[in-house]
Structure formats: structure tokens, C-alpha cells
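Asks: Handing you this structure, nothing more for now.
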Amino acid sequence: MDDGHPDRSGFILNTHSFTLEEVQLLANALRNKFDVNCSVHNRKDRGNKSHLIYIKADSWEKFKSLIEPHVIPHFAYKLVRRGSPTSGNGSSELQGVAGER
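Sequential numbering from 3 applies to the sequence shown in the working numbering.
Next comes the structure, spelled out in C-alpha cells:
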């Protein structure tokens, strides 16, 4: 559950340990089954090549609504986008998610 985080305007799924084919399969499923606008990005870290999925800003709310019911309260903070007016300040949005215990 801890393999993703908000980005400036979207969301990153940390799929670094999966093959390119597996990451593309997941991205295609998100696009085709759930109509989530996402893309596969390649990353090189210390000579190791990996791949991640970027959920684009126009699909953030849709993606969030899909995963929110499955996120445990401990990780609810990950559902608040960085730079949003409600991030990091005990927002009602965050409390609404985390408060459901």
C-alpha cells in the first residue's frame, strides 16, 4: 500500500521492481478498464533502469475515488496532493479520510 505518492499535479505509482512489460500491462488496464489517464516513465538510478506509472492530473480525482476505499488510515495522507491548499495542515479532506476508523 505504500508504493505511491502524490506529485505536483498527479500521482506516481512506484512500480520500479516490475518489468517494463508488467508496468505497461498495468498502465493499459488502468486506461482501458478504469479510464485513468496515465503514462509509463523510465527512470535510471545508479545505472539501474526502472519504470513507474504517472497518473495525470486530469485523472487524479477518478484514481483517488478508485483507491480511497482500500487505503488504510495510516496512509490517508498520500491522498492529498502536494501543493494543494489542504495539504499538510490537518485539512478537512485528510481528516475525512483518516477519521474513518
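We put the beta carbon where it would ideally sit given N, CA and C, even for glycine. Nothing here was measured: the structure is a model prediction, and the numbers come from that model.
Is the separation between the beta-carbon of residue 32 and that of residue 40 shorter than 7 Å?
Replies: yes
Asks: How big is the Cα-Cα spacing for residue 70 and residue 49?
Replies: 35 Å
Asks: Given a threshold of 16 other Cβ atoms within 10 Å of its Cβ, counted over all protein chains shown, does residue 67 qualify as buried or as exposed?
Replies: exposed
Asks: In the DSSP assignment, what residue or residues form a beta bridge with residue 52?
Replies: Residue pairing for residue 52: DSSP places it in a beta bridge opposite 45.
Asks: Check whether the Cβ atoms of residue 55 and residue 17 sit closer than 7 Å, and answer yes or no.
Replies: yes
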